[in-house]
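Peer 1: Take 253 as the starting number for the sequence shown in our numbering and just add one per residue. Ideal Cβ positions, reconstructed from N, Cα and C, are used throughout, including at glycine.
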Amino acid sequence: MAARAEAAAATGERLLAAAWRHFATRPYEDVLLREIATEAGVTAQTLHARFGSKDELFLAAYAWFGQQEMSDRPAAPTGDVQETIALLFDRYETHGPAILRMLSQEERIPAVRQMTDAGRAYHRHWAETTFAPLLRGLRGDKRERRLNAIVISTDLLIWKLLRVDMGLEREEAERVVREMVIG
253 MAARAEAAAA TGERLLAAAW RHFATRPYED VLLREIATEA GVTAQTLHAR
303 FGSKDELFLA AYAWFGQQEM SDRPAAPTGD VQETIALLFD RYETHGPAIL
353 RMLSQEERIP AVRQMTDAGR AYHRHWAETT FAPLLRGLRG DKRERRLNAI
403 VISTDLLIWK LLRVDMGLER EEAERVVREM VIG
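#1: Check whether the region 338-358 and the region 293-312 touch, using three or more Cβ-Cβ pairs below 8 Å as the test.
#2: Nearest to residue 312 by alpha carbon, out of 384, 432, 271, 405?
#3: Can you grab the Cα-Cα spacing for the pair residue 334 / residue 407, in whole Å?
#4: Going by CA-CA distance only, name the one from 310, 353, 404, 418 that's closest to residue 431.
#5: Helix, strand or coil for residue 407 per DSSP?
#6: Can you find the residues in the same chain that come closer than 7 Å, C-beta to C-beta, to residue 268, ignoring five residues on each side of it along the sequence?
#7: Considering just the uninterrupted stretch of the alpha helix (DSSP H) at residue 415, what are its terminal residues?
#8: Quick check on the burial criterion: 16 or more other C-beta atoms within 10 angstroms. Buried or exposed for residue 309?
#9: So the candidates are 286, 307, 320; which of them puts its Cα closest to the Cα of residue 265?
#10: Might you give, ordered along the chain, the residues of its own chain that have their beta carbon closer than 7 Å to the beta carbon of residue 412, omitting 5 neighbours on each side?
#11: If you follow the alpha helix (DSSP H) that residue 349 is part of, which residue opens it and which one closes it?
Below you can see the structure in the form of structure tokens.
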């Protein structure tokens, strides 16, 4: 019984990893479930029995990725702006293109929008917790404006503007973000 449960868990992990690779590198409409099943070493029937629809598989794969992403972020030391920005850039350098692809699809695919909204909520909570010392003593509108500035300055789209669009070296881009966060 235990061996069967382990095998089922391993199959689920392979399916989610394969699904994330496909969804992260291709437009949603171009992802084919049979290709994911083949890559994971199972039949399309097994994939459907496990996850149902393409939307359900997408949501599960995005949640799987999100769990991995979230498990790394809290490692940033609260209040250490330089180290926190460096760790954040590590994540953006690795996963930024995939997340940008998801963001580009959120207006037309409800399942994508559901996950990007969850990602935004997570990022806000993470910023509020991680940069709590920068918010200390602020109340009401003043605190909300400062938190908004921190959330925006640490957002993936700022990384994209600095690194991709403007072509800044990572060290310079991190310096800009640190200055934005510190105020």
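Peer 2: So, to answer that:
#1: Segments in contact, no.
#2: Distance check between residue 312 and each of 384, 432, 271, 405 places 271 closest, using alpha-carbon atoms only.
#3: The alpha-carbon atoms of residue 334 and residue 407 are separated by roughly 15 Å.
#4: Selection 310, 353, 404, 418 evaluated against residue 431 yields 404 as nearest (Cα-Cα).
#5: DSSP, reduced to helix, strand and coil, places residue 407 outside both helices and strands of the structure shown, so it counts as coil.
#6: If we look at residue 268 and ignore the five residues flanking it on each side, its Cβ neighbours are 312, 313, 316.
#7: For residue 415, there is no enclosing alpha helix (DSSP H), as DSSP marks it with neither H nor E.
#8: The residue is buried, with at least 16 neighbouring Cβ atoms inside 10 Å.
#9: When only C-alpha atoms are compared, the closest one is 320.
#10: In its chain, beyond the 5 residues on either side, 348, 352 have a beta carbon closer than 7 Å to the beta carbon of residue 412.
#11: That run of the alpha helix (DSSP H) goes 333-357.
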